[in-house]
Amino acid sequence: YQVNEELMKHAKEDAIFMHCLPIRRNVEATDGVIDGTHSVIYDEAENRLHVQKAVLMSVIST
């Protein structure tokens with residue numbers, strides 16, 4: 147199973163591609179999808195970092 151440009155053509159116009167990283171380029175998804183306009187994987191990774199920091203602060207501050 148691979149997410150590629152052909153598969154994304156069947157998705158809605160406002161579809162987004164998410165992945166929790168790390169990703170195996172051209173195995174799980176093609177470069178075109180990873181770096182494409184529908185991809186939010188790097189924003190997702192950044193948001194996850196902030197959530198992890200908040201959880202860690204919550205755990206160590208109690």
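Sequential numbering of the sequence shown, starting at 147, is according to this note's numbering. All residues carry an ideal CB built from backbone N, CA and C; glycine is no exception.
For residue 198, report the span of its alpha helix (DSSP H) as first-last. That run of the alpha helix (DSSP H) goes 187-206.
According to DSSP, is residue 173 part of a helix, a strand, or is it coil? coil
Suppose you measure from the CA of residue 177 to the CA of residue 171; what does that come to, to the nearest Å? 6 Å
Could you tell me the alpha carbon to alpha carbon distance between residue 148 and residue 186, rounded to whole angstroms? One C-alpha to the other measures close to 17 Å.
If you draw a straight line from the alpha carbon of residue 191 to that of residue 157, how long is it in whole angstroms? A straight-line Cα-Cα distance of about 23 Å links residue 191 and residue 157.
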